[in-house]
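Okay, so the sequence shown: first residue is 1 according to the UniProt record's numbering, each after it adds one. Glycine residues also receive a C-beta, built at the ideal position from the N, C-alpha and C atoms. Only a predicted model underlies this, so the values are computations on that prediction, with no experimental measurement involved. Taking it in order: structure first as structure tokens, then the write-up.
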Amino acid sequence: MSERPSPEKRFVVDIMLGKVAKWLRILGFDARCLRVDSSAQVTRFREEGRIIVTRRRQWCGSTGVFCLTSNDPSEQLKELIAAVPIRLEELRPLRRCILCNLDLEVLPRDRVFGRVPDFVFETNECFHHCPGCGRIYWPGTHLVRMVERMRRELNWSG
Numbered sequence: 001m002s003e004r005p006s007p008e009k010r011f012v013v014d015i016m017l018g019k020v021a022k023w024l025r026i027l028g029f030d031a032r033c034l035r036v037d038s039s040a041q042v043t044r045f046r047e048e049g050r051i052i053v054t055r056r057r058q059w060c061g062s063t064g065v066f067c068l069t070s071n072d073p074s075e076q077l078k079e080l081i082a083a084v085p086i087r088l089e090e091l092r093p094l095r096r097c098i099l100c101n102l103d104l105e106v107l108p109r110d111r112v113f114g115r116v117p118d119f120v121f122e123t124n125e126c127f128h129h130c131p132g133c134g135r136i137y138w139p140g141t142h143l144v145r146m147v148e149r150m151r152r153e154l155n156w157s158g
């Protein structure tokens, strides 16, 4: 949602870690997902204030680069959240498109009629959409389940 302050942490996630990028977006973080394969890129991303996340050994040990070791996306996310660290109060669910990484915009309820399931339309007042891909988001039970899953897996409290 564009009216919320954005989290300060911004990421570049190597393409091989696409599920980590998706989860960072679900949590509300700017997470660009692309192939990191040159030192010029690493330098540019650091200058942009981005945290670089990869599994490529050649970047391990570089300033501002987090090299994940696990093969499991849930474990990778736990590694990253512990290393950065990310606190529960920094989360901004329903802020970014999980596909495009663009900030979501408020979408008037009358503009979603026929574009979401009837039950969703009838039981929700608040909708957002991605200005890039047009995907529509709403604060349904799926959002609650995702955040609860993260709280459990990461032992977050609060």
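For the options L34, M146, F119 and K9, the alpha carbon positioned closest to that of L94 is the one of M146. Counting only runs of 4 or more residues that sit fully inside the UniProt domain "Mut7-C RNAse" (9-149), the alpha helix (DSSP H) segments are 18-26, 39-47, 73-83 and 118-123, in chain order. The segment 28-38 makes contact with the segment 51-63: 3 or more CB pairs, one atom from each, lie closer than 8 Å. Cβ atoms of V42 and W23 stay farther apart than 8 Å, at about 22 Å. Around the beta-carbon of V20, 16 or more other beta-carbon atoms lie within 10 Å, marking it buried.
C-alpha of A40 to C-alpha of V65: approximately 13 Å in a straight line. Around the beta-carbon of D103, 16 or more other beta-carbon atoms lie within 10 Å, marking it buried.
With 16 or more neighbouring CB atoms inside 10 Å of its own CB, C130 falls in the buried class. Exclusion of the five residues before and after V84 leaves K9, I51 and F66 as the residues of its chain whose Cβ lies within less than 8 Å of its Cβ.
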